[in-house]
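If you're matching positions, the sequence shown starts at 9 in the working numbering and goes up one per residue.
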Amino acid sequence: MTAQTSAIRRLRSATRDTLAAAGRTVTERYGRKRRRAALVEQHRLHFDLLCKAMDDPALAAVLDTYDDEIPAERQRQYLFANALYVNALYFHRIGALSLAELYGHVRMMCRNAVFREYWQATRRHRDSLPAWSEEARIGRMMDALVRDMDALVTEQEDGEHEEWWVVGEPPSE
């Protein structure tokens, strides 16, 4: 009888542990879904706000936090550059792009002089990010990429003909 009681207790304990593990798994999955849904909503709202600012100079003025005077047309271009960058960053955050794939997308964006100008104009915006954060880490990756692309443009102006797709060092995953 004692052996039977002991076996029942072990079975109950194992069942309880299994159910607890299953509960944690369900909770974690639900948490990931909620996080992803929140990111989707945040991205949609960010894009809606940027679209309104691009359409209305009075609203765009609220986002004018640059060190230098920026003409209204250039500021609209900067807002669009921000929308492109944030869109790529969003796809990375939800897992649709690996870091290497994100790098490929932003390297293409960095070919554009207006985008590189936007990135330089917003450098102070990134200064407040915690150095350990993912956004700061990606910002440093972008800083290096913009520097490398600017150097390539200078070389091309000097007569050398490097190709843009070899610029920079893709990140390791």
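Built from N, CA and C at the ideal position, the CB exists for glycine as well.
Taking a C-beta distance under 8 Å as the contact criterion, I146 and L97 qualify as a contact pair. If you look at G112, you'll find it in the alpha helix (DSSP H) that goes L107 to M117. Secondary structure of S14 (DSSP, three-state): helix. About 5 Å separates the CB atoms of K60 and L67; that is less than 8 Å, so the two are in contact. If you draw a straight line from the Cα of S106 to the Cα of A91, it comes to about 19 Å. Using a C-beta cut-off of 8 Å, the stretch 113-125 makes contact with the stretch 148-160, since at least three inter-stretch Cβ pairs fall below that distance.
DSSP places A139 outside both helix and strand once states are collapsed to three, so it counts as coil. Put simply, of S136, G103, M149 and A28 the residue whose alpha carbon is nearest the alpha carbon of S180 is M149. One alpha carbon belongs to V122, the other to R44, and they sit about 31 Å apart. L71: not part of any alpha helix (DSSP H); DSSP gives it neither H nor E. For N90, the enclosing alpha helix (DSSP H) begins and ends at A80 to R101. Residue burial is scored here from C-beta neighbours: Q128 has fewer than 16 other C-beta atoms within 10 angstroms and is therefore classed as exposed. Leaving aside the five residues that flank Y126 on each side, the residues in its chain whose CB is nearer than 6 Å to its CB run, in chain order, Y86 and A89.
Exclusion of the five residues before and after P65 leaves A80 as the residues of its chain whose Cβ lies within less than 6 Å of its Cβ.
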